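Protein chains in written order, with this note's numbering: chain A, 1 to 166; chain B, 167 to 586.
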């Protein structure tokens, strides 16, 4: 008997796969971006199905709100992209090789890794607060968290250096 | 149950009554829940539409009064007392108009954009708490974050509309909308975090429950910065660059006609009002008010009144502010709002941490200390601004001095040489 959750999973997975195929085959970069956003929304839907609404929100906020907007800005400020030309920017052969290599490598990795079948630790009901505590716990992920923030800080300083008035 | 007891918790009681009736008809619990939830969602979707019919009328009337006009009247029409139903007539008219898709426009994207913008503006109402338990669509544990995440979809529908129209005004409007909204999201997020810090939760319901004092008292600076960022997000004057109607027709929705234009117009007003409601929820105590503990249904009234108050402030801004240039808008954000929000966030976080470590449990006590901290930050900001202004004035003076010597005004009685 197929459950409601599985039906939703199948629908979302179908939409995502379709959107992904449309994304790489769209002739206009802007259309590719729109299909990419649909794929991101599908991932957010997966998180909702898994009962992690915070991750779904993050997915929306970071991938739709930040990365896609960044893509759109890049498209907007790139000369010629806004002019609604209809020609492909793909180099099919290189793209196919890169995609196949990526797909093969990832599949190999996924098959190799012994995936845990149970959660690594017990998740308390207030998982959002738990996530916050784990991130700044010196015994857990504080170092990684701070390194990531340092990286972002360096990026910020670099951006300021590039745009400063000379 | 008397009539007044029923009315006191109207929304919950209606839900109970409907559940009872449906169970009486012999439906299973799942079907009952499906029907009741669908009815609740329909109410939530209908509410913004109905309120917007009134709000458009209100905005037109208030702006008319500011400009010494009468606004819509019922003279010679059947628009009702004070032309209250003028908006209904407008809505009917706009529904009968032809939908024109310009030749060469990107058809699919062009048609999807207005649907998306309207859908997103309605989806925000799902998490607004209109009262205690049972008077909110869903009490998501990521509540306020959900609202911010949906904001990015609004932005995207603007981009879709502007890009697919193939119109240079729409393109310019899109550029402006993207740069403005992306920049103002940063101080908005930072100011959002301060009420969340005091609450310890992202849930809108918990944010309201914590506000024994409205958060605007302990957090006046974040409230003001949030208000300004919110103005920029919904594109109201003085931040109305995205659709500056005196310069670029209507910005990203220049090419739209009929109800597709109507969707953008509606979504804009719904967004204005829901932003006002969210501001009220975050900083003005949400549904809290007198007698809510005896009659929870009053919560909706208080929240709508507070939201209306903020909306009227928006309309006052709309009626009286000049339109800033886009570079001024962005400079104001990056050089003033972002640093101020950052400093306030740090100060509020530190003070709150120190207070909780020392062991000050009562929220009211902490609120006054936080207010003092905010006042200090505000005074320092004013000092820095004054120093900056003085330095700029000195620079201007130094630059203009030689010019003054060269171009000293000619005395009025001097005669001009012939042929000059």
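We put the CB at the ideal spot given by N, CA and C, even for glycine. Nothing here was measured: the structure is a model prediction, and the numbers come from that model.
Would you mind listing the alpha helix (DSSP H) stretches within the stretch 212 to 270 of chain B that are 4+ residues and don't spill past its ends, in chain order? 252 to 261
Check whether the Cβ atoms of residue 344 of chain B and residue 73 of chain A sit closer than 9 Å, and answer yes or no. yes
Residues in the same chain with beta-carbon distance under 6 Å from residue 464 of chain B, minus the five sequence neighbours each way, listed in chain order, please. 457, 458
With DSSP as the reference, label residue 402 of chain B as helix, strand or coil. coil
Would you say residue 356 of chain B reaches chain A, if we count a Cβ-Cβ gap shorter than 9 Å as a contact? no
According to DSSP, is residue 532 of chain B helix, strand or coil? helix
At 9 Å on the CB atoms, spell out the chain B contacts of residue 76 of chain A, in chain order. 325, 329, 337, 340, 341, 344
Taking the alpha helix (DSSP H) that residue 162 of chain A belongs to, which residues open and close that run? 142 to 163
Short of 7 Å in beta carbon distance, which residues of its chain neighbour residue 403 of chain B, apart from the five on each side in sequence? Order them along the chain. 483, 484, 487, 489
Members of the stretch 31 to 52 of chain A near chain B, C-beta cut-off 8 Å: 31, 34, 37
Can you tell which of B:205, B:426, B:331 has the C-alpha that lies nearest to the C-alpha of residue 285 of chain B? B:426
Compare the beta carbon distance of residue 275 of chain B and residue 318 of chain B with 9 Å and say whether it is the shorter of the two. no
Three-state secondary structure (DSSP) of residue 586 of chain B: Note that residue 586 of chain B scores a pLDDT of 48, beneath 50, so its modelled location is shaky and nothing firm can be said.
Where does residue 183 of chain B fall in DSSP's three states? helix
What is the rounded straight-line gap between the Cα of residue 350 of chain B and the Cα of residue 398 of chain B? 7 Å
For residue 326 of chain B, count neighbouring Cβ atoms within 10 angstroms of its own Cβ and tell me buried if that reaches 16, exposed if not. buried
Is the shortest distance between the beta-carbon of residue 69 of chain A and the beta-carbons of chain B less than 9 Å? yes
Whole beta strand (DSSP E) runs in the stretch 454 to 520 of chain B with 3 or more residues, listed along the chain? none
May I ask you to list, following chain order, the residues of the stretch 310 to 325 of chain B that have a beta carbon less than 8 Å from some beta carbon of chain A? 311, 312, 314, 315, 316, 317, 318, 319, 321, 322, 325
Along the chain, where does the alpha helix (DSSP H) that runs through residue 134 of chain A open and close? 127 to 135
Exposure of residue 238 of chain B, with buried meaning 16 or more beta-carbon neighbours within 10 Å: buried
Against chain B, does residue 155 of chain A count as a neighbour if the rule is that its beta carbon must be under 9 Å from one of theirs? no
Looking at the C-beta of residue 73 of chain A, does it have a partner C-beta in chain B at a distance below 9 Å? yes
Within 10 angstroms of the Cβ of residue 586 of chain B, are there 16 or more other Cβ atoms? Answer buried if so, exposed if not. Residue placement at residue 586 of chain B is poorly supported in this model, since its pLDDT is 48, which falls under 50; the coordinates are not used for a value here.
Once you ignore the five residues that flank residue 283 of chain B on each side, which residues in its own chain have a CB closer than 8 Å to its CB? 320, 323, 324, 327, 429, 430, 433
Going by CA-CA distance only, name the one from B:360, B:391, B:472, B:384 that's closest to residue 111 of chain B. No statement about residue 111 of chain B is possible, as the shown extent of chain B runs from 167 to 586 and does not include it.
For residue 422 of chain B and residue 266 of chain B, what's the separation of their Cα atoms in angstroms? 7 Å
Taking C-alpha atoms, which residue in B:293, B:234, B:258, B:191 lies nearest to residue 424 of chain B? B:258
Are the CB atoms of residue 474 of chain B and residue 447 of chain B nearer to each other than 9 Å? no
Counting only the same chain and skipping the five closest in sequence on each side, list residues whose C-beta sits under 6 Å from that of residue 16 of chain A. 39, 42
Looking at chain A, is there any beta carbon in it that lies within less than 9 Å of the beta carbon of residue 299 of chain B? no
Boundaries (first-last residue) of the alpha helix (DSSP H) holding residue 370 of chain B: 370 to 376
In whole angstroms, give me the CA-to-CA distance for residue 534 of chain B and residue 476 of chain B. 24 Å
Nearest-angstrom Cα distance between residue 146 of chain A and residue 105 of chain A? 30 Å
Of all Cβ atoms in chain B, is any one closer than 9 Å to the Cβ of residue 104 of chain A? no
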